[in-house]
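Read in order, the letters of the sequence shown correspond to residues 291 to 523 in my numbering.
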Amino acid sequence: MPALPTEKNKESFTSIISKSVYMLVEGKDEEAFFNKFFYKNQRLEPLNLNDNIQIESIQGINNLDASIGALITRTGFEKIEILLIIRDADNSHNSSFDSVRHILHKNGLPSPNNMNDFSESGGSVTTGVYILPGKPEDITGNMLEDLCLSIPDNPLIMPYIDNYLSLITGDPNVVDPKNIHKSKLLVFLASHKDVPNTLGLGTQKNYFDLNHANLDLLVEFFAKVKTLLEDGD
Numbered sequence: 291m292p293a294l295p296t297e298k299n300k301e302s303f304t305s306i307i308s309k310s311v312y313m314l315v316e317g318k319d320e321e322a323f324f325n326k327f328f329y330k331n332q333r334l335e336p337l338n339l340n341d342n343i344q345i346e347s348i349q350g351i352n353n354l355d356a357s358i359g360a361l362i363t364r365t366g367f368e369k370i371e372i373l374l375i376i377r378d379a380d381n382s383h384n385s386s387f388d389s390v391r392h393i394l395h396k397n398g399l400p401s402p403n404n405m406n407d408f409s410e411s412g413g414s415v416t417t418g419v420y421i422l423p424g425k426p427e428d429i430t431g432n433m434l435e436d437l438c439l440s441i442p443d444n445p446l447i448m449p450y451i452d453n454y455l456s457l458i459t460g461d462p463n464v465v466d467p468k469n470i471h472k473s474k475l476l477v478f479l480a481s482h483k484d485v486p487n488t489l490g491l492g493t494q495k496n497y498f499d500l501n502h503a504n505l506d507l508l509v510e511f512f513a514k515v516k517t518l519l520e521d522g523d
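See below:
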């Protein structure tokens with residue numbers, strides 16, 4: 291049965307459902323990244339995706355089940371034609387995808403058969419699931435931070451960052467970072483003249499190349515969103 295929406299989940303959705311595509315992301319960094327990506331990427335900018343896609347942070351992937359349960363009971367849910375879920379791979383791309391599929395089915399929604407794809411048409415709502423950072427054979431890592439680190443505005447700085455982190459993690463007198471991916475991202479951001487302290491702010495300051503080839507799969511995913519909307523008209 292669908293997860294019962296808690297008061298916290300109900301309050302997390304503060305905006306009125308106003309667009310035909312509703313996109314759930316893990317946090318505010320993801321929200322800032324995609325808002326910038328949609329109009330900064332040269333292939334996506336002409337599609338005006340910001341006009342079609344409403345992005346909502348669920349404040350952590352552990353809230354996905356209850357957040358979807360809250361969403362499907364909200365006034366205006368019937369306006370949604372496409373529901374997108376974007377999440378990190380974490381420990382496993384396949385396990386993360388299977389977890390999202392299970393939650394969708396539990397809440398009475400269709401799910402794609404493959405990650406980074408969409409459910410079959412025919413129902414009242416189409417769902418799309420993208421597991422960041424993308425295909426593991428193309429991009430090493432398990433989260434948005436890894437994708438962003440593969441598209442730096444200044445690639446020449448990366449060997450110095452790798453060397454710095456290798457010295458730290460190789461020193462028995464130094465406590466290793468709890469999350470090496472997030473630590474590396476913060477070191478990269480700190481290498482800039484104007485230092486932001488979050489991935490979202492770094493995106494807003496154009497510290498990532500949002501037209502990089504490593505984003506091609508993500509571009510194709512969102513271009514398909516536009517195609518699905520046009521086919522549904």
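Using N, Cα and C, we set each Cβ at its ideal position, and we do this for glycine too.
Since I believe residue j is in contact with residue i (beta carbons under 8 Å), could you give me their beta-carbon distance rounded to a whole number of angstroms?
| i | j | result |
| --- | --- | --- |
| L457 | V477 | Going by Cβ atoms, the distance from L457 to V477 rounds to 12 Å, so no, they are not a contact pair. |
| N432 | D380 | 6 Å |
| F324 | I345 | 6 Å |
| I441 | H502 | 4 Å |
Would you kindly check if the distance between the Cβ of residue j and the Cβ of residue i is under 9 Å?
| i | j | result |
| --- | --- | --- |
| N342 | V515 | yes |
| G490 | A356 | no |
| T493 | K318 | no |
| V415 | R391 | no |
| E320 | L475 | no |
| L314 | I362 | no |
| L437 | L422 | yes |
| F511 | D407 | yes |
| R333 | A513 | yes |
| T459 | I447 | no |
| K330 | L507 | no |
| N404 | E410 | no |
| P426 | H383 | yes |
| D443 | Y497 | yes |
| K495 | D484 | yes |
| N340 | G424 | no |
| T417 | P400 | yes |
From the DSSP output, in three-state form, read off residue i for me.
| i | result |
| --- | --- |
| I389 | What sits at residue 389 in the sequence shown is Ser, not Ile. Helix. |
| I458 | helix |
| M313 | strand |
| G492 | helix |
| I470 | helix |
| G418 | strand |
| P336 | helix |
| D341 | helix |
| P442 | strand |
| N299 | Note that N299 scores a pLDDT of 47, beneath 50, so its modelled location is shaky; the value from the coordinates is reported in the next line. Helix, per DSSP. |
| D499 | coil |
| D428 | coil |
| G413 | strand |
| S407 | First, the residue type needs correcting, since residue 407 is Asp and not Ser in the sequence shown. Strand, per DSSP. |
| G398 | coil |
| K483 | coil |
| P449 | helix |
| V464 | coil |
| N331 | coil |
| M291 | Residue placement at M291 is flagged as unreliable, the pLDDT there being 49, under the threshold of 50; the coordinate-derived value follows with that caveat. Correct three-state label for M291: coil. |
Output yes if chain C places a C-beta closer than 9 Å to the C-beta of residue i; else output no.
| i | result |
| --- | --- |
| L361 | The structure shown contains no chain C; it is built from a single protein chain. |
Examine the ligand HEM and report whether any of its heavy atoms sits within less than 8 Å of the Cβ of residue i.
| i | result |
| --- | --- |
| A513 | In the structure on display, the ligand HEM does not appear, and there are no ligands present to speak of. |
| message | Would the segment 395-407 count as touching the segment 343-354 if we require 3 or more Cβ pairs under 8 Å? | response | Taking 8 Å as the limit for Cβ pairs, the verdict is that the segment 343-354 does not touch the segment 395-407.
| said: Whether or not the segment 371-390 and the segment 303-316 are in contact is what I'm after, with contact meaning three or more pairs of Cβ atoms, one per stretch, closer than 8 Å; do they touch? | reply: They touch, by the three-pair rule.
| Complete runs of the beta strand (DSSP E) confined to the segment 342-387 [at least 3 residues] | Entirely contained in the segment 342-387, the beta strand (DSSP E) runs reaching 3 residues are, in chain order, 343-347, 372-378.
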